[in-house]
Amino acid sequence: MPAFALALFFASPRPLPRPAGAGAAALALALFAAPSSAQPPIADELRPGASVTMELKNAEWFDGQGFRSGTLYVKDGKFTSQKIKKAQRRMNLKGQFLIPPLADAHNHNLQNAWAWGRYGQGYLRDGVFYALMQCAEPKGAGAVRPLAAAGAQAAGPELVFVTACITSSDGQPLAQLLAEDPNSPGPKPKPEDHIDKTVLVMDSLEQVEKKWPLVQARKSEALKLMLSRSESPELHADPKQFGRLGLKPELPAAIAKKALQDRLLVIAQADTAADFNIAVQAGAHWIARLPGLYFFEGTGAETYRISPEMAAEAARRKVAVITATAASELFRMSPEQLTKVRAQQADNLRTLQAAGVPLLIGSDLFHGSVLGELRNLDRLGVIGRPQLLKMATITTPHVLFPKRRLGCFEPGCEASFLLLPANPIQDLDALSKIQMRVRQGRVLGAG
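When you line the sequence shown up against mature numbering (1 follows the signal peptide of the UniProt record, and there is no 0), it's residues -38 to -1, 1 to 409, in that order.
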């Protein structure tokens, strides 16, 4: 079992369908139909310098609650208690602030070499050094793994991949995958082009058993289950819903049981409160995003409202929830409807917080980053800024790479940090004004 999944699965406490909308076809095409080769480096690419010793005087650094002050020393890519008399880089940081790099626990835009070349540098520019790619196609992910594994030398963030994504034969993301590319001269894509290739399809308990070797063959860091509108089984008979639904309610528990036997982490996408309930009771370890990203036609807030009882059950089982709220703005809806969606997101966050459910931060923003998610969560006004920063810079990086000392400034911690011109607890816009990026003791600068 991968270290990232192992720590989450066995530690105590456990560290922690997209409806058709704007950019859905573009997302799928970029992920699965893009050129296989990476793009050439752009002129302003952020490249790592040499690993240097550092003395950082008058430093103020984030510790998960607020900012501490003092002098920091860096040697061999890590913070050290050893005073360095002749540091190669000496800086007086008076009036500036240090935070650990950010992490994004839900995205899809670095899942092949083309996407890495297109979006990898954007992560670094935004200060996002760690990310989880959900529902990656194995071949595409295989091309990116060595690029992301370069660590401090990588041209993008360090990544964890989920390459085993299970849905129904009429489930997400087939609608996006089968969308026609107007620029493609080839034939119209067919379901068989993607079923049990791009994604795995299971419609019965018998298929769970029969197709499990397909899951094992992917050697994924985790398993993702697609759940959508479980409370409305009649939708499976509606041709308009083809490719937009999810697994039958009786399957997630059977799949999670087999995943447990193989020591696999289970992530479940839950579009509605009913999906959330099924995922928690089935044994999912993470929920991929907060229910209610979008209100389906004919539904209201009650369809997406997590009950206090189910939130308490999620907390008891140590289920973590990835926020992923910002992408609501990508869907076609009136300002009034968006206001209702945001209100329901805030209500669910309050319910989860009150129950003590662990929260991770993820964006699900194909053309954006976790900065957009941070801003949206801040606007919702439920989670205080110190906790938001902790989620983004400490909690989420730690659960993605639990064997490493990330998100800290103590001796032995990796010397990766962002230098900001202002205190982000007081001014969140400071996160968009990064003055210096350091990755394992190497300053990232334009090549």
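Ideal Cβ positions, reconstructed from N, Cα and C, are used throughout, including at glycine.
{"Asked": "Three-state secondary structure (DSSP) of Leu252", "Found": "coil"}
{"Asked": "Own chain, CB closer than 6 Å to Arg404, minus 5 neighbours either side, in chain order", "Found": "Pro10, Gly11, Ser13, Ala114"}
{"Asked": "Those residues which DSSP pairs with Val161 across a bridge", "Found": "Ile157"}
{"Asked": "Element boundaries [alpha helix (DSSP H), containing Arg84]", "Found": "According to the sequence shown, residue 84 is Gly rather than Arg. Looking at the DSSP string, the run of the alpha helix (DSSP H) that includes Gly84 is 75 to 87."}
{"Asked": "Closer than 7 Å: Val361 CB and nearest the ligand PLP heavy atom", "Found": "Among the components of this structure there are no ligands whatsoever, and the ligand PLP is therefore not found."}
{"Asked": "Endpoints, the alpha helix (DSSP H) within which Glu168 is located", "Found": "167 to 179"}
{"Asked": "Assigned secondary structure, Phe238 (DSSP; H/G/I helix, E/B strand, else coil)", "Found": "helix"}
{"Asked": "Run of the beta strand (DSSP E) containing Ile61, from where it starts to where it stops", "Found": "59 to 61"}
{"Asked": "Contact check, Ala246 vs Ile229, beta carbons under 8 Å", "Found": "yes"}
{"Asked": "Top-ranked residue by Cα proximity to Gln58, from Ala75, Ala354, Glu168, Ile396", "Found": "Ile396"}
{"Asked": "Sheet register partners of Phe123 (DSSP bridge)", "Found": "Met95"}
{"Asked": "Contact under 8 Å by Cβ, Phe91 with Gly374", "Found": "no"}
{"Asked": "Exposure label - Asn54; buried when at least 16 CB within 10 Å", "Found": "exposed"}
{"Asked": "CB contact flag (Pro151, Leu139, <8 Å)", "Found": "yes"}
{"Asked": "Those residues which DSSP pairs with Leu207 across a bridge", "Found": "Gly133"}
{"Asked": "Three-way DSSP call (helix, strand, coil) for residue 415 in this model", "Found": "As shown, the chain starts at -38 and ends at 409. That puts residue 415 outside it, with no answer to give."}
{"Asked": "Range covered by the alpha helix (DSSP H) that runs through Gly40", "Found": "What sits at residue 40 in the sequence shown is Lys, not Gly. Looking at the DSSP string, Lys40 is not in any alpha helix (DSSP H); the run it does join, the beta strand (DSSP E), is 40 to 42."}
{"Asked": "Thr15 (DSSP reduced to helix, strand or coil)", "Found": "coil"}
{"Asked": "Gly205, buried or exposed, once every other Cβ within 10 Å from all chains shown has been counted against 16", "Found": "buried"}
{"Asked": "Coil, strand or helix - Phe(-7) by DSSP", "Found": "With a pLDDT of only 49 at Phe(-7), under the threshold of 50, the placement of this residue in the model should not be trusted, and no figure is reported."}
{"Asked": "Where Ser290 sits in the DSSP three-state scheme", "Found": "helix"}
{"Asked": "Three-way DSSP call (helix, strand, coil) for Met53 in this model", "Found": "strand"}
{"Asked": "The alpha helix (DSSP H) enclosing Ile217, as first and last residue numbers", "Found": "213 to 223"}
{"Asked": "Separation of Phe123 from Leu362, as counted between CA atoms", "Found": "10 Å"}
{"Asked": "Reference Thr125, options Gly102, Leu189, Met164, Ala141, closest by Cα", "Found": "Gly102"}
{"Asked": "Residue range of the beta strand (DSSP E) that includes Ala232", "Found": "228 to 232"}
{"Asked": "CA nearest to the CA of Ala77, picked from Leu64, Lys48, Ala49, Arg107", "Found": "Arg107"}
{"Asked": "Own chain, CB closer than 6 Å to Leu136, minus 5 neighbours either side, in chain order", "Found": "Gly205"}
{"Asked": "Where Gly118 falls, given that 16 or more other Cβ within 10 Å makes a residue buried", "Found": "buried"}
{"Asked": "Backbone secondary structure at Ala67 - three-state DSSP", "Found": "strand"}
{"Asked": "For Lys47 and Gly26, the rounded distance between their alpha carbons", "Found": "29 Å"}
{"Asked": "Simplified DSSP assignment, three categories, for Arg337", "Found": "helix"}
{"Asked": "Reduced DSSP category for Glu271 - H, G, I as helix; E, B as strand; rest coil", "Found": "helix"}
{"Asked": "For Phe363, the residue or residues it bridges with in DSSP", "Found": "In DSSP, Phe363 forms no bridge with anything."}
{"Asked": "Alpha-carbon spacing of Arg366 relative to Gln402, whole angstroms", "Found": "12 Å"}
{"Asked": "Alpha carbon of Val163 to alpha carbon of Leu207, nearest angstrom", "Found": "12 Å"}
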